[in-house]
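Novice: Using the numbering used here, the first residue of the sequence shown is number 391, and each one after it goes up by one.
Backbone N, C-alpha and C fix where the C-beta goes; we use that ideal spot for every residue, glycine too.
Below is one structure. I have some questions about it.
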Amino acid sequence: MSYGLREIMISRDEDETRVVVIEDHNVVEAYIERAGRSVVGNIYVAQVKDILPGMEAAFVDIGLARNAFLYVQEVLLPEEMEEGTPRKKIQHLLKPGQEIMVQVLKDPMGGKGARVTTQITLPGRYLVLMPYSDFTGASRRLSDEDRDRLLKFVGELKPKKMGLIVRTAAEDAGKGELERDLAFLLRLWKKIERTGKESKAPTNIYTEVDLAQRVIRDTFSVDVGRVLIDDRRSYERITSYLKKTSPELVARVTQYKDKMPMFDKYHVNEQLDAALQPRVWLRSGGYITIGKTEALTAIDVNTGKFVGRKSLQDTILRTNMEAAYEVVRQLRLRDIGGIIVIDFIDMDIAEHRQRVFDALEEALEEDRTKTRVIEISKLGLVEMTRKNVSESLTDVMSEECPCCGGTGRVLSDETIRISAERHIRNVCRGSRSQAFLFRVDPRTAELLRASGVDHVLEIQQQTGKMISLTVDEAATGHEVELVMQGKLPQVQAHLQLSNLAEVPPAPRPAVAARQARPKERRIERLRPERPPKEKAAGPPTGAAAEKPGVERKPRAERKARPAGKPQRKPRTERPAKPEREPEEKKEPEREPEEKKEQKARARSRRRRTASRKTPEKGEASRS
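Here is the structure:
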């Protein structure tokens, strides 16, 4: 891929320095340095602390918070590690308490300390000096013609028992420029070596130059059209450095003096903010999704809104080709290192898979960081590694979410509420105390009592205990903490003495109204109001027909029945009973004369009997 003219922008203020490299108006590299600046490149006199034969490594103290890690490969010189040479063990190379000179390769990241090496390298403008090695090489980005020419010069200039590497910036340099750069590096090394002999471990004896000068030294070359710097001191320091090393490039450095912030004017801030998002859109309408885990970085390619015009295979090929270049740009911009897996869209045609792989390798040629790529598989997967030197852009500009722990997901409201209820219920049931006081975070308190239903009241009814809640405004998690338990007066007294505000219960009217509405709807469903049936007009019947002067009103003029009151069934008139004919009165029958005489004789006998008994009673009473 042929990139356009490149630009470098350097922005510096009181808190941080930001440097970006722009290609075709797109930010492809971004570097940020703050107060706790990187220690990569620093040289220390270190003391060996522990030897780990099982890991073939050692821990060394360089004066930082954590001990640095030194692999056995970083102790041996390159010529000692060639095939056929017996490999020495770490316990035979180093001893605890030994003092050695080391240089930092990787910053401390996560819970790991810095990674160091004993193979010191001093980078200059055109050359890299290796005082403890006899190796000679050149940048892989140089053409074959330039590499041969520059290696010839280096062979004539190289000091004995020292190594040199020709950098990409030396592409158009002559022998005299290489000689001046080498002289500067040799003077610097003698100063470092002398300081190291006079220092006791752990001591920092050399500090790498600041970010702005480091980017100019490593990146500024003839293919960079312009350098913009918005800080006067940085501008003066960089131009002074270039006058000594590359005077022909001084004219390309410009101080930015506009009132509008430089990164806002050239839309740099927008691209830096977008670099923190997981999804990146392609020009065709497809997109890539970048996800980072502890083990690796996974990149997924999707067609998105792009539907193509010809065939499915052409649509997939175009999306994958665009994604190949964009993936490399994002790797450089975000400074992603370690193991990287790219999941391209499945391609059935082998030629298409090869074209996508070639595009990926072509884009990686612009990446200054060392990479290794494995050919694309039939499933469209590409495995690659990229050297991890310092923190990625995401690690520098963001931190792990305290709520989700970096997963991107949090507990649902229902899960939080149910878990809190379960904990409170279990504590109450497992104790004989009468009252309990719990401390919760604001969100849990809202879910338990301010969501329209008082769930705490429900737990009280279930357990028979009194429960009080107090809110910890500083709490961020969803833990329910038992503050105290005991009798109700004790809990109330603790609330007053501690000036704790109790969470009020949920409002009852809202609950009553919420429960009443469904009941009304049920009544309407069971007994719907029906309009009365109309009767045909006719003569009045029944009681109205019998009563003279009573007139029934028309149905339309009658009083309307209240809504919701069921209609009575219309009264059905019973048939009139037939009238009975008046019966003639019968005269009472007279008794026969014989019966009258018999009754008279019976009465006379009863009188005679009664008169005989009366004197006997009187005599008895006198005696």
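Under the rule that 16 or more other beta-carbon atoms within 10 Å means buried, what is R904, buried or exposed?
Specialist: With a pLDDT of only 44 at R904, under the threshold of 50, the placement of this residue in the model should not be trusted, and no figure is reported.
Novice: Starting from the C-beta of R531, find all residues in its chain whose C-beta is less than 6 Å away, skip the five residues before and the five after it, and write them out in chain order.
Specialist: Correct list, in chain order: T558.
Novice: Relative to the alpha-carbon of L576, which residue among L512, I398, D620 has its alpha-carbon at the smallest distance?
Specialist: L512
Novice: Please determine, among L686, T866, I729, the residue with the shortest C-alpha to C-alpha distance to C794.
Specialist: For the set L686, T866, I729, the Cα lying nearest the Cα of C794 is the one of T866.
Novice: Check for me: the beta strand (DSSP E) holding S428 runs from which residue to which?
Specialist: Taken as a continuous stretch (DSSP letters only), S428 belongs to no beta strand (DSSP E), as it is neither H nor E.
Novice: Between A664 and the rest of its own chain, which residues show a CB-CB distance below 8 Å, the 5 nearest in sequence each way excluded?
Specialist: The residues are V670.
Novice: Apart from the five residues just before and just after E419, which ones in its own chain have a Cβ nearer than 7 Å to its Cβ?
Specialist: Excluding residues within five positions, the ones whose Cβ falls inside 7 Å are V410, V411, R722, L723.
Novice: Would you grab the beta carbon distance between M806 and T761 for me? Rounded to a whole angstrom, and I think it's under 8 Å.
Specialist: Looking at the sequence shown, residue 806 is not Met but Ile. Their Cβ separation, rounded to whole angstroms, is 45 Å, which puts I806 and T761 out of contact at 8 Å.
Novice: Could you spell out the range, first to last residue, of the alpha helix (DSSP H) harbouring D776?
Specialist: Inspection of the sequence shows that residue 776 is occupied by Arg rather than by Asp. No alpha helix (DSSP H) holds R776; the beta strand (DSSP E) holding it covers 771-776.
Novice: For the candidate residues Q850, L639, K551, E598, whose alpha-carbon lies nearest to that of L618?
Specialist: L639
Novice: Sort out for me which residues DSSP pairs D440 with in a bridge.
Specialist: F449
Novice: Check each candidate in L572, S674, E489 and name the one with the smallest Cα separation from E588.
Specialist: E489
Novice: For E838, which of helix, strand or coil comes out of DSSP?
Specialist: The amino acid occupying residue 838 in the given sequence is Leu; Glu does not appear at that position. Reduced to three states, the DSSP call for L838 is helix.
Novice: I'd like to confirm the pairing. Which residues does DSSP put opposite A688 in its beta bridges?
Specialist: G681, V731
Novice: Using the C-alpha atoms, what's the distance from Y656 back to L662?
Specialist: 12 Å
Novice: Per DSSP, which residues does M347 bridge with? Please list them.
Specialist: In the structure as shown, the chain begins at 391 and stops at 1013. Residue 347 is therefore absent and cannot be evaluated.
Novice: Residue range of the alpha helix (DSSP H) that Y631 falls in?
Specialist: 622-635
Novice: Please confirm whether Q703 and D748 have their CB atoms less than 8 Å apart.
Specialist: Between Q703 and D748, the gap from beta carbon to beta carbon reaches 8 Å or more.
Novice: Tell me which same chain residues have a C-beta within less than 6 Å of the C-beta of G453, skipping the five on either side of it?
Specialist: Excluding positions up to five away in sequence, the list reads P592.
Novice: Within a Cβ cutoff of 6 Å, which residues of the same chain sit near E423, ignoring the five residues on either side of it in sequence?
Specialist: T407, L601
Novice: Counting only the same chain and skipping the five closest in sequence on each side, list residues whose C-beta sits under 6 Å from that of I1034.
Specialist: Since the displayed the chain opens at 391 and closes at 1013, residue 1034 lies outside it and no answer follows.
Novice: Between R699, Q720, D690, which lies nearest to N710 when the distance is taken from Cα to Cα?
Specialist: Proximity to N710 across R699, Q720, D690 peaks at D690, based on C-alpha coordinates.
Novice: Distance, Cα to Cα, F696 vs D725?
Specialist: A straight line joining the alpha-carbon of F696 with that of D725 spans about 28 Å.
Novice: In terms of alpha-carbon separation, which member of R396, P832, T860, M874 lies closest to V612?
Specialist: R396
Novice: Quickly, what does DSSP pair G527 with across the bridge? List them, please.
Specialist: I555
Novice: For a test of the three-state rule: what should DSSP assign to Y656, helix, strand or coil?
Specialist: coil
Novice: Taking its Cβ as the centre, do 16 or more other Cβ atoms sit within 10 Å of N816, making it buried, or is it exposed?
Specialist: Label assigned to N816: exposed.
Novice: On the CB-based measure, 16 or more other CB atoms within 10 Å of its CB, does E404 come out buried or exposed?
Specialist: exposed
Novice: Can you give me the Cβ contacts of A563 inside the same chain, cut-off strictly under 6 Å, excluding the 5 residues immediately before and after it?
Specialist: Exclusion of the five residues before and after A563 leaves Y516 as the residues of its chain whose Cβ lies within less than 6 Å of its Cβ.
Novice: Does the segment 431-445 come close enough to the segment 478-488 to have 3 or more Cβ pairs within less than 8 Å?
Specialist: yes
Novice: So is E936 buried or exposed if we call it buried at 16+ other beta carbons inside 10 Å?
Specialist: Here E936 scores only 49 on pLDDT, less than 50, and its place in the model should not be relied on; the value that follows carries that caveat. Burial call: exposed.
Novice: Check for me: the alpha helix (DSSP H) holding E535 runs from which residue to which?
Specialist: 534-547
Novice: Within 10 angstroms of the Cβ of A458, are there 16 or more other Cβ atoms? Answer buried if so, exposed if not.
Specialist: Per the 10 Å Cβ criterion, buried.
Novice: Does DSSP put I595 in a helix, a strand or coil?
Specialist: strand
Novice: Once the 5 residues before and after I678 are set aside, which same chain residues still bring their CB inside 8 Å of it?
Specialist: R669, V670, L672, I689, D690, V691, N692, A713, E716, V717, Q720
Novice: Start and end of the alpha helix (DSSP H) containing A749?
Specialist: 740-754
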